[in-house]
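Please read the structure below before turning to the comments.
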Ligand SMILES: C/C(NCc1cnc(C)nc1N)=C(/S)[C@H](O)COP(=O)(O)OP(=O)(O)O
Ligand SMILES: [Mg+2]
């Protein structure tokens, strides 16, 4: 049989570990979809819209390192761009493949699904702005080089890429692909730079008395968790995590000292950070949200180890082309033991707060939902927390060994958990995925629950119904923060259909008793998703949200600088 452009792309996707590709069909991509579906290792997963399709691929990439979504031109790709923005912001290699007009029509005709002009490069131009590599195949002979270039760049940079495939090229004859090693081989560190960075870092740290390691979200994105542990156990100091890094270091580890998030830190992590005389920042990201409106920017010298570079504060030196993995392993071999911040932390570590169970029939509270969620966690659990007060409820959870945690703190698209957890769960069917989401977020992407029904994915959705956009209320209230209240339990059961698929279970809870009953049923329900609508008072939010919201609002309302 003829080996085609579509076959080339299918083979490359399979070779980099893709087993599910997320799609929404359109007449510009149907032949391509046929070729992908024909590949024995690929399973096509339909999504209800392209926003959810791209977010499902983003969640899939969290589970197995890379994801792919295939959409039609313009009407599809424009929605998918939002999930690609998430992948870019979250350092996830998601491959966006878009069908495109027949090459004979370019500059000749006006076509459907376009802006209605003789311009067919606008989408490629837009894609260039939100990916690390964007290519448009114009001739079948160019396909191998363009496809390999895009995939290789995505894996190297841990960023999304864009591949545009005209509808009449997917079925055209194409060369077969050479060894996949040419595409996936990592870039080694530059040896002299690595040596100098490690020597400089060791010397600098010898001049400091109270080091603390601050772990950021990028460690996990380059698979450097094991190398991090080597360094942690070579120094012996206190280890704190940024909120977006939760889940990338075991919380039962003796050196774990909490989530550092300024005044809304957990376990007094901010105290030991304030006591340190140097912060070893590994894969960190400092934004307005992660620094509580700039009130928690580190004030001591930082040794910064990033994805592929290292910066020392004294002497002030920068080393490019040093892979994080290599740097951490080598530094672990040369650094001197210094556990004094761990000794001090053990003196100030707060006693675990005993979550007081509220009595059964009282009105349900946020605290009670968080307490019962904690009891749910097992080594096989993965918790997805949504932008909203769910962030603060999730960050406070104590993860048992093996439990995983996913958060989208950089992009912060409310509703992300529904499609992203769907994509993730397809890649990790042996884990039990639990979502902590809000009523506002759920209204953004609720349709994807129907794909959880269709694929029989037993995700447990804890929907906190506080009647609106409470984070926004705490930052700056207005009528716009009120939303139409849905019957969420009834809605998900509307996705059940007589002719096949699994079943969604929709439950309502107004008391602690009803939550625990609902959770028992949710855990037992394996033939599809369970949504538990937890009804709490509109003003019932975490104290962390109130503090954080106050400082973020202050940061947002700074007046323009005079000279700007
Ligand atoms: C509207 C918005 N953020 C702005 C926003 C608007 N649009 C998108 C896609 N993403 C966003 N983060 C946010 S955080 C709401 O408070 C979320 O409401 P909900 O899901 O109900 O959670 P809380 O009640 O806990 O806040
Ligand atoms: Mg809400």
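Residue numbers (this note's numbering): 447 to 1010.
Glycine included, every Cβ here is placed at the ideal spot set by N, Cα and C.
Just verifying my parser: in three-state terms, what is the DSSP assignment at residue i?
| i | result |
| --- | --- |
| residue 917 | helix |
| residue 818 | helix |
| residue 466 | strand |
| residue 675 | helix |
| residue 704 | strand |
| residue 946 | strand |
| residue 741 | coil |
| residue 638 | helix |
| residue 839 | helix |
| residue 864 | helix |
| residue 490 | strand |
| residue 851 | strand |
| residue 629 | helix |
| residue 665 | helix |
| residue 775 | helix |
| residue 689 | helix |
| residue 477 | helix |
| residue 560 | coil |
Could you pull the start and end residues of the beta strand (DSSP E) that residue i belongs to?
| i | result |
| --- | --- |
| residue 461 | From DSSP, residue 461 is part of no beta strand (DSSP E) but of the alpha helix (DSSP H) over 451 to 461. |
| residue 515 | 513 to 517 |
| residue 996 | Careful: residue 996 lies outside any beta strand (DSSP E), inside the alpha helix (DSSP H) at 989 to 1002. |
| residue 884 | 878 to 884 |
| residue 540 | 540 to 546 |
| residue 763 | 762 to 766 |
| residue 728 | 724 to 728 |
| residue 831 | 827 to 831 |
| residue 895 | Not the beta strand (DSSP E): residue 895 falls in the alpha helix (DSSP H), residues 895 to 900. |
| residue 939 | Taken as a continuous stretch (DSSP letters only), residue 939 belongs to no beta strand (DSSP E), being part of the alpha helix (DSSP H) at 934 to 939. |
| residue 980 | 976 to 981 |
Using 8 angstroms as the threshold, is the C-beta distance between residue i and residue j below it?
| i | j | result |
| --- | --- | --- |
| residue 605 | residue 560 | no |
| residue 769 | residue 731 | no |
| residue 842 | residue 816 | yes |
| residue 567 | residue 455 | no |
| residue 880 | residue 906 | yes |
| residue 449 | residue 586 | no |
| residue 908 | residue 882 | yes |
| residue 463 | residue 512 | yes |
| residue 601 | residue 582 | no |
| residue 482 | residue 490 | yes |
| residue 999 | residue 974 | no |
| residue 749 | residue 647 | yes |
Between which residues of its own chain and residue i is the CB-CB distance below 7 angstroms, once the five residues before and five after are set aside?
| i | result |
| --- | --- |
| residue 715 | 686, 703, 704, 705, 706 |
| residue 487 | 460, 465 |
| residue 622 | 449 |
| residue 935 | 952, 953, 954, 977, 979 |
Could you give the first and the last residue of the continuous alpha helix (DSSP H) run that contains residue i?
| i | result |
| --- | --- |
| residue 910 | Counting along the chain, residue 910 falls outside any alpha helix (DSSP H), though it belongs to the beta strand (DSSP E) covering 906 to 911. |
| residue 808 | Taken as a continuous stretch (DSSP letters only), residue 808 belongs to no alpha helix (DSSP H), as it is neither H nor E. |
| residue 599 | 589 to 603 |
| residue 788 | 786 to 794 |
| residue 709 | Per DSSP, residue 709 belongs to no alpha helix (DSSP H) and is neither H nor E. |
| residue 717 | 715 to 721 |
| residue 530 | 523 to 535 |
| residue 611 | Looking at the DSSP string, residue 611 is not in any alpha helix (DSSP H); the run it does join, the beta strand (DSSP E), is 607 to 612. |
| residue 969 | 958 to 970 |
Would you say the beta carbon of residue i comes nearer than 7 angstroms to a heavy atom of ligand 2?
| i | result |
| --- | --- |
| residue 916 | yes |
| residue 884 | yes |
| residue 545 | no |
| residue 869 | no |
| residue 912 | yes |
To which residues of the same chain is residue i closer than 8 angstroms at the C-beta, ignoring the five residues directly before and after it?
| i | result |
| --- | --- |
| residue 796 | 713, 714 |
| residue 755 | 764, 765, 766, 767, 768 |
Only counting the same chain, and skipping five residues up and downstream in sequence, which positions put a Cβ closer than 6 angstroms to that of residue i?
| i | result |
| --- | --- |
| residue 677 | 774, 777, 778 |
| residue 994 | 710, 738 |
| residue 831 | 837, 840, 853, 882 |
| residue 501 | 529, 862, 865, 866 |
| residue 579 | 596, 599, 607 |
| residue 452 | 478, 481, 616 |
Can you tell me whether residue i sits near ligand 1, meaning its C-beta is under 7 angstroms from at least one heavy atom of the ligand?
| i | result |
| --- | --- |
| residue 974 | no |
| residue 833 | yes |
| residue 533 | no |
| residue 739 | no |
| residue 858 | yes |
| residue 487 | no |
| residue 887 | yes |
| residue 763 | no |
| residue 890 | yes |
Residue i CB to nearest chain C CB: under 8 angstroms?
| i | result |
| --- | --- |
| residue 697 | Of the protein chains in this structure there is only one, and it is not chain C. |
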